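Report on the following structure.
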Amino acid sequence: MNKVETSFLHKNQFGEDFLWGVSTAAFQIEGAPDSDGKGRSIWDVFTSQKGKIKSGHHALTACDFYNSYQSDIDLIRDLNIPNFRFSISWPRIMPTGVLPVNEAGIVYYNKIIDSLLSAGIEPWITLYHWDLPHELEIKGGWTNRESVNWFSAYVEVCVQNFGDRVKNWMVINEPSVFTGAGYFLGIHAPGKKGITNYLKAMHHVTLATTAGAKIIRNHIPDAHIGTTFSCTHIEPATQSSKDVEAAKRVDTLLNRTFIEPILGLGYPQADLPVLKKLNAYIVEDDLNNLSFDFDFIGLQCYTREVVKSSLLIPYIGAELISAEKRNVISTDMGWEVYPPALYQVLKKFNAYKGIKKIIITENGAAFPDTLKNGKVYDIKRTHYIQDHLEQILKAKKDGLNVDGYFVWTLTDNFEWAEGYNARFGLIHVDFDTQQRTIKHSGLWFKDFLS
Ligand code: NOJ
Numbered sequence: 133m134n135k136v137e138t139s140f141l142h143k144n145q146f147g148e149d150f151l152w153g154v155s156t157a158a159f160q161i162e163g164a165p166d167s168d169g170k171g172r173s174i175w176d177v178f179t180s181q182k183g184k185i186k187s188g189h190h191a192l193t194a195c196d197f198y199n200s201y202q203s204d205i206d207l208i209r210d211l212n213i214p215n216f217r218f219s220i221s222w223p224r225i226m227p228t229g230v231l232p233v234n235e236a237g238i239v240y241y242n243k244i245i246d247s248l249l250s251a252g253i254e255p256w257i258t259l260y261h262w263d264l265p266h267e268l269e270i271k272g273g274w275t276n277r278e279s280v281n282w283f284s285a286y287v288e289v290c291v292q293n294f295g296d297r298v299k300n301w302m303v304i305n306e307p308s309v310f311t312g313a314g315y316f317l318g319i320h321a322p323g324k325k326g327i328t329n330y331l332k333a334m335h336h337v338t339l340a341t342t343a344g345a346k347i348i349r350n351h352i353p354d355a356h357i358g359t360t361f362s363c364t365h366i367e368p369a370t371q372s373s374k375d376v377e378a379a380k381r382v383d384t385l386l387n388r389t390f391i392e393p394i395l396g397l398g399y400p401q402a403d404l405p406v407l408k409k410l411n412a413y414i415v416e417d418d419l420n421n422l423s424f425d426f427d428f429i430g431l432q433c434y435t436r437e438v439v440k441s442s443l444l445i446p447y448i449g450a451e452l453i454s455a456e457k458r459n460v461i462s463t464d465m466g467w468e469v470y471p472p473a474l475y476q477v478l479k480k481f482n483a484y485k486g487i488k489k490i491i492i493t494e495n496g497a498a499f500p501d502t503l504k505n506g507k508v509y510d511i512k513r514t515h516y517i518q519d520h521l522e523q524i525l526k527a528k529k530d531g532l533n534v535d536g537y538f539v540w541t542l543t544d545n546f547e548w549a550e551g552y553n554a555r556f557g558l559i560h561v562d563f564d565t566q567q568r569t570i571k572h573s574g575l576w577f578k579d580f581l582s
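Under our numbering, the first residue of the sequence shown is numbered 133, with each subsequent residue one higher.
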């Protein structure tokens, strides 16, 4: 066996029940956008438009997981990873977003679930990882309040078909990112812009999150239900009151806006006044329907942000100072490598009384890997993961609640607007041949989990 001893970390230090896993998302790995009756998603459309994705990349094949899922599941087992997080592509099982169901889509996800279970790997489903059916986007997508009903009907189909074997469910992935990038900045699908689109999407996605969770609870009483949030440790550039206030607004936007209503705290309008505009879309019973008692919250943390006040930036009056400008070590995403951020976000989210359990459902890094003599020596990624695990241990020693860690991600894949330029995998993919090579980080993780 290939022993890769590079750290003193030991799995046992995290406790017997600590959950170890790896996370993926349908659009980033599956390919096969038209196979077996699948409908188009907003990402199929967005990637087909000129200039949207770096280097003109598309996800027509991606990692070909649609066809090669079995050998990738074999690799998950070979790496000793006990939990696999993947998402369901809504248009694969409901091509127009609404009934009728495309049976071939159900068959496909059943094959994945059954294959995982027979390999002894626990399936963790994310219901929505950004690939909305395009037909629904034509009707306004998440800006249309009907989206809550569309999503609910889709969740019903998923729990009815997969709920007999799948216990772990995550409703929505990183709402702040896909509404911010997709409905405010227009740099992700569906490419919409502006504050009105953004706020409507925000409110409807939040309502859909709790509606979806309730449906899971009704159908699968013993389900382990969570939803995931992107989070970032925020620091002011200086201690001037302007920068401190700006950092508070950014923290509110990136870390609090989506989770607080779900915890029954309402939208944090006092700390981010632009959120008062949401009142135009909040009707009657909404505030009572915004919260749900989740079994766990998935946190996805990659970096920290340093913030300065800026009058030029509308609504938020703040600017992020890039890692490049700060001259600090960063990944291919331009994100600073700053492991203590993970400790800080754990501390921050532990302070919410309403959170029962925290699982790190994503953490990982993109570095420019090279394949040499059949090997990828991605020592920076190995260290990145180890250093973040050290922060989890520190958090646990300090009595903070944290019950699991899922690496982003299994194989290099389609990194949204970055295309294939940002490689996050424990396993290298040659996108011309689909050849997989387990990287040093993957070998280390395998050893660690053995
Ligand atoms: C968050 C998203 O959930 C995932 O899709 C993305 O690839 C990673 N972070 C890395 O950016």
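Backbone N, C-alpha and C define an ideal beta-carbon position, used for all residues, glycine too.
A quick note: this is a predicted structure, and the numbers were derived from the prediction, not measured.
When DSSP states are grouped into helix, strand and coil, PRO165 belongs to the coil group. When secondary structure is reduced to three states using DSSP, TRP262 falls in the coil class, being assigned neither helix nor strand. Listed as beta-bridge partners of GLU547 by DSSP are no residues whatsoever. For a cut-off of 8 angstroms, the C-beta gap from ALA455 to TRP467 is around 6 angstroms, short enough to register as a contact. Contact between LYS489 and PHE577 is ruled out by a C-beta separation of about 23 angstroms, above the 8 angstroms threshold.
Not one heavy atom of the ligand NOJ falls within 7 angstroms of the beta-carbon of PHE390. Taking 7 angstroms as the cut-off, the C-beta of TRP540 counts as close to a heavy atom of the ligand NOJ.
For ARG349 and TRP256, the gap between their C-alpha atoms comes out near 15 angstroms.
In its chain, beyond the 5 residues on either side, ALA355, HIS356 have a beta carbon closer than 6 angstroms to the beta carbon of LYS299. Three or more beta-carbon pairs separated by less than 8 angstroms link the region 540-560 to the region 182-193, which places the two stretches in contact. For TRP540, the uninterrupted beta strand (DSSP E) segment begins and ends at 536-540.
Shown here, ALA191 sits in coil according to DSSP, grouped into three states, outside any helix or strand.
Taking the CA atoms as reference points, THR493 sits about 35 angstroms from LEU444. Only exposed fits ASN144, as fewer than 16 other CB atoms lie within 10 angstroms of its CB. Straight across, the Cα-Cα distance linking THR275 with ILE304 is about 16 angstroms.
Checking the 7 angstroms criterion, the Cβ of GLU547 is within range of a heavy atom belonging to the ligand NOJ. The three-state secondary structure of HIS365, taken from DSSP, is strand. When rounded, the separation of the alpha-carbon atoms in GLU162 and SER221 is 9 angstroms. Rounded to whole angstroms, the gap between the alpha carbons of PRO165 and ARG277 is 27 angstroms. Taking the Cα positions, PHE424 is about 22 angstroms away from LYS408.
In the structure shown, THR275 falls within a helical segment according to DSSP collapsed to helix, strand and coil. Taken in chain order, the complete alpha helix (DSSP H) segments of 4 residues or longer contained in the region 281-333 are 307-311.
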